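Here is the structure we will look at.
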Amino acid sequence: MKIGEISLKAGAALAPMAGFTDAPCRRMAARHGASFTVSEMVSAKALTFGDKKSFRLMAHGRNDAPWGVQLFGAEPETMAQAVRLIQKVDYDFLDLNMGCPAPKITSSGAGSRLMQDPVLAGQIVRAAVQASDGRPVTVKMRLGWDNQHLTAREVALRCEEAGAVLLTVHGRSREEMYQPGIHPEEIRRVKEAVSIPVLANGDVASADDALRLLEETGCDGVMVGRAALGNPWLFEQIAAALEGKPLPPPPTLRQRMAEMRRQIEEMCEEKGEWAAMPQARSQAMHYMAGLRGAAGLRRACSGLSHFSDVDELIRRVMEENPIR
Ligand SMILES: Cc1cc2nc3c(=O)[nH]c(=O)nc-3n(C[C@H](O)[C@H](O)[C@H](O)COP(=O)(O)O)c2cc1C
């Protein structure tokens, strides 16, 4: 599979997740076999105001897999301006957000609000494609605004016509947020409507889930979000399953803790401890999944304030889980 001219290896892509998929997280996913990674969403409008925080979201981007910058916005001209402003950033492709359900985003007309206006969605893609220096443009969308208006097929056709080279479809409407389960048959309708590659997204938590979703949707690949947090080994497992190889063994607890430590260390190096530690708390909690004493350990995660606290957390994890 390709994003324009960029060849992808077999495997799942890492979904963009605001507050989580910073450079260390993406680097780790790529190291474990993610086919590509995407930044946290960046506001096109904020970029045009010169907002430093927004530019920082694109720092240290390069990793072992192709990586994209995800932009959100509601106006074609602002999108074009933002794309021109980030030309010096060393990214591989641009991804446009048409899926975010947060009122803060949709109230401005961006994110999943665009699912209500396929024509505008197409205009935004065209503006990004025309402003881009040749780097390809992809789109990530939901199925529609609500279940009475599943517009993904129409939006997808507009995006393709406007020059998008790959689509990812999260199989829920905006109204469904993250519940109940996804609708693979609706993702399939999108896949069957367009001739560019389509990735299916939603609720993939194992190699079996990935194979099933591909089977149900006929898609070219899958994208994984929440289940990869604290578990980058999922990418290796999915890649092996896609290649028909035996699944690699799960990581030992020591390996899990070492990966968590490395991730938080890189976060501190790149953002400074003060900015990194609040985010490190939520990252660390995901590494506690399934452990004995997980509730108490998660509470300990919420108390992490300095990088040195991570070693104390690891000591406690190992003590409470001696035989893992
Ligand atoms: C905390 C969080 C932040 C997210 N941020 C973004 C984002 O910035 N851009 C985006 O397109 N989707 C975002 N999403 C949606 C995910 O990319 C993905 O579509 C969704 O979580 C479903 O996939 P999953 O079941 O594998 O997690 C976010 C999801 C979560 C849970």
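Going by my numbering, the sequence shown wraps up at 325, each residue one higher than the last. Note that beta-carbon positions come from the ideal geometry of N, C-alpha and C, so glycine has one too. Everything numeric in this text was worked out from a predicted model, so none of it was measured.
Mark residue i as exposed unless 16 or more other C-beta atoms lie within 10 angstroms of its C-beta, in which case mark it buried.
i    : result
M178 : exposed
K89  : exposed
P181 : exposed
H307 : exposed
G219 : exposed
S113 : buried
S40  : buried
R27  : buried
D134 : exposed
V138 : buried
Any heavy atom of ligand 1 inside 7 Å of the beta-carbon of residue i?
i    : result
V130 : no
M286 : no
R299 : no
F21  : yes
Q71  : yes
N232 : no
G145 : no
C101 : yes
D204 : yes
V225 : yes
H171 : yes
M116 : no
M18  : yes
E41  : yes
T228 : Checking the displayed sequence, the identity of residue 228 turns out to be Ala instead of Thr. A228: yes, Cβ under 7 Å from ligand 1.
K105 : no
K141 : yes
A98  : The residue asked about is misnamed: residue 98 is Asn in this sequence, not Ala. Yes - ligand 1 has a heavy atom lying nearer than 7 Å to the Cβ of N98.
Tell me whether the beta-carbon of residue i lies closer than 8 Å to the beta-carbon of residue j.
i    : j    : result
A301 : L292 : no
A60  : V225 : no
D147 : R175 : yes
L167 : P198 : yes
C160 : V191 : no
F37  : G62  : no
F94  : R136 : yes
A122 : M99  : yes
E270 : G294 : no
D209 : M2   : no
A206 : I188 : no
R173 : R213 : no
A111 : G74  : yes
P67  : L115 : no
R85  : A132 : yes
A285 : I265 : yes
M261 : D23  : no
A13  : V170 : no
Determine, using beta carbons only, whether residue i comes closer than 8 Å to chain B.
i    : result
E161 : Protein chain content of the structure displayed is limited to a single chain, and chain B is not contained in it.
At what residue ranges does the segment 50-114 contain a whole run of the alpha helix (DSSP H), taking only runs of 4 or more?
Counting only runs of 4 or more residues that sit fully inside the segment 50-114, the alpha helix (DSSP H) segments are 53-57, 77-86, 104-107, in chain order.
Complete runs of the alpha helix (DSSP H) confined to the segment 9-47 [at least 4 residues]
Listed in chain order, they are 24-32.
Counting pairs of Cβ atoms below 8 Å between the segment 273-285 and the segment 233-242, do you hit three or more?
Counting Cβ pairs under 8 Å, fewer than three are found: no touch.
Inter-stretch contact at 8 Å, needing at least 3 Cβ pairs: the segment 149-156 / the segment 126-136:
Counting Cβ pairs under 8 Å, fewer than three are found: no touch.
Using 8 Å as the Cβ pair cut-off and three pairs as the minimum, do the segment 253-265 and the segment 39-50 touch?
Counting C-beta pairs with one atom in each stretch, the segment 253-265 and the segment 39-50 have fewer than three that are closer than 8 Å, which means they do not touch.
In chain order, which continuous runs of the alpha helix (DSSP H) of length 4 or greater are located wholly inside the segment 279-314?
The DSSP assignment places 295-303 as complete runs of the alpha helix (DSSP H) inside the segment 279-314, in order along the chain (cut-off: 4 residues).
Along the chain, which unbroken stretches of the beta strand (DSSP E) at least 3 residues long are found entirely within the segment 132-199?
List check, beta strand (DSSP E) in window: 138-142, 167-171.
Starting from the N-terminal side, write out each stretch of the alpha helix (DSSP H) that is 4 residues or longer and does not extend beyond the segment 198-233.
Fully contained in the segment 198-233 are the following alpha helix (DSSP H) runs of length 4 or more, in chain order: 208-218.
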